[in-house]
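In our numbering, each number is its position in the sequence shown, counted from 1, plus 815.
Just so it is clear, CB atoms sit at the ideal spot from N, CA and C, and this is done for glycine as well.
Predicted, not measured: the structure shown is a model, and the values here were computed from it.
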Amino acid sequence: MMLIDNKEEVECIHDSGSQIISMSAEIASNIGLYYDPNIVLNMQSANGTMDQSLGLAHNVPCTIGDITIYLQIHVLWFPTYDILLGRPFDVLTQSTVNTLSDVETTITIMDPNTGKWHTIPTFPCGKSKRNNCQNVRFKTEAPHCFHC
Numbered sequence: 816m817m818l819i820d821n822k823e824e825v826e827c828i829h830d831s832g833s834q835i836i837s838m839s840a841e842i843a844s845n846i847g848l849y850y851d852p853n854i855v856l857n858m859q860s861a862n863g864t865m866d867q868s869l870g871l872a873h874n875v876p877c878t879i880g881d882i883t884i885y886l887q888i889h890v891l892w893f894p895t896y897d898i899l900l901g902r903p904f905d906v907l908t909q910s911t912v913n914t915l916s917d918v919e920t921t922i923t924i925m926d927p928n929t930g931k932w933h934t935i936p937t938f939p940c941g942k943s944k945r946n947n948c949q950n951v952r953f954k955t956e957a958p959h960c961f962h963c
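Below, the structure is given as structure tokens:
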């Protein structure tokens with residue numbers, strides 16, 4: 816899980832094919848996250864439909880383990896996820912996904928403020944080795960989840 820705006824831990828999907836970082840309006844509302852409705856995107860989904868974002872939340876503190884990064888997050892109506900971490904996340908954290916075998920994948924991220932690196936082991940989504948884990952959990956397009 817990723818701690819969003821120092822308020823709530825939220826499950827994230829990592830998708831390096833996405834050009835944005837986005838969040839559901841439901842999550843934004845639950846944590847009281849405000850966003851600028853004047854900055855919107857028109858986006859085409861995988862099924863070909865066009866949708867407009869609701870706005871952009873600026874400099875949202877997001878904490879993974881002991882790394883805090885500040886993200887620009889587009890707020891969307893009814894996506895199929897809570898938070899999607901796209902290419903801007905990869906660029907900011909210089910993330911690297913390493914596939915070690917058919918079932919073992921890790922992601923390595925860097926704290927852009929301190930230069931500290933963390934490698935986070937993964938597991939297939941829904942099959943956590945640590946079901947009571949209270950740390951970071953990501954889903955990737957693989958799909959794999961991440962812990963740190």
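Residue nearest to residue i in terms of C-alpha spacing, selected from the options
i	options	result
residue 862	923, 917, 916 and 895	895
residue 931	824, 829 and 910	910
residue 843	907, 873 and 916	873
residue 929	907, 918 and 936	907
Distance between residue j and residue i (C-alpha atoms, nearest Å)
i	j	result
residue 902	residue 846	24 Å
residue 821	residue 849	14 Å
residue 890	residue 924	24 Å
residue 959	residue 853	For residue 959, the predicted structure reports a pLDDT of 49, less than 50, and the residue's modelled location is therefore unreliable. The matter cannot be settled from this model.
residue 927	residue 913	20 Å
residue 892	residue 840	5 Å
residue 884	residue 860	27 Å
residue 921	residue 869	33 Å
residue 917	residue 851	42 Å
residue 824	residue 880	11 Å
residue 855	residue 871	7 Å
residue 832	residue 838	16 Å
residue 875	residue 936	25 Å
Delimiting residues of the alpha helix (DSSP H) encompassing residue i
i	result
residue 906	902–908
Contacting residues, own chain, Cβ-Cβ under 6 Å from residue i (five flanking each side not counted)
i	result
residue 878	818
residue 882	926
residue 934	921 and 923
residue 827	817, 898, 900 and 953
Residues bridged to residue i (per DSSP)
i	result
residue 837	889 and 899
residue 808	Examination of residue 808 is not possible in this model, given that the chain is present from 816 through 963 alone.
residue 872	888
residue 936	921
residue 882	879
Close beta carbons around residue i, own chain, < 7 Å, minus the five adjacent residues each side
i	result
residue 857	865 and 867
residue 834	901 and 902
Range of the contiguous beta strand (DSSP E) that encloses residue i
i	result
residue 913	911–914
residue 920	920–925
residue 818	817–819
residue 823	823–825
Spatial neighbours of residue i in its chain, beta-carbon cut-off 8 Å, leaving aside the 5 residues before and after
i	result
residue 836	886, 887, 888, 889, 898, 899, 900, 901, 903 and 904
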